[in-house]
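In my numbering, the protein residues as written are 3 to 53.
Below is one structure, written out as structure tokens; the observations come after it.
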């Protein structure tokens, strides 16, 4: 059941990207920016911890 649900979700994501590439790219850019911000903040934390 989990495997089938995973495939269905994957197909729906691919369909969404294919039919709405503009909003899909905005979502991907937002996720990427969020991940970059997390790593940047971890770097600041470690740097402040070391000083």
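Here a beta-carbon is modelled for each residue, glycine too, at the ideal position from N, C-alpha and C.
None of these values were measured; they are calculated from a predicted model.
To which residues of the same chain is residue i closer than 8 Å at the C-beta, ignoring the five residues directly before and after it?
{"i": "residue 27", "result": "none"}
{"i": "residue 46", "result": "none"}
With respect to the alpha helix (DSSP H) encompassing residue i, which residues constitute its N-terminal and C-terminal limits?
{"i": "residue 22", "result": "Taken as a continuous stretch (DSSP letters only), residue 22 belongs to no alpha helix (DSSP H), as it is neither H nor E."}
Say whether chain B places a C-beta atom closer than 7 Å to the C-beta of residue i.
{"i": "residue 13", "result": "Protein chain content of the structure displayed is limited to a single chain, and chain B is not contained in it."}
Among the options, which one has its Cα closest to the Cα of residue i?
{"i": "residue 30", "options": "15, 48, 3", "result": "15"}
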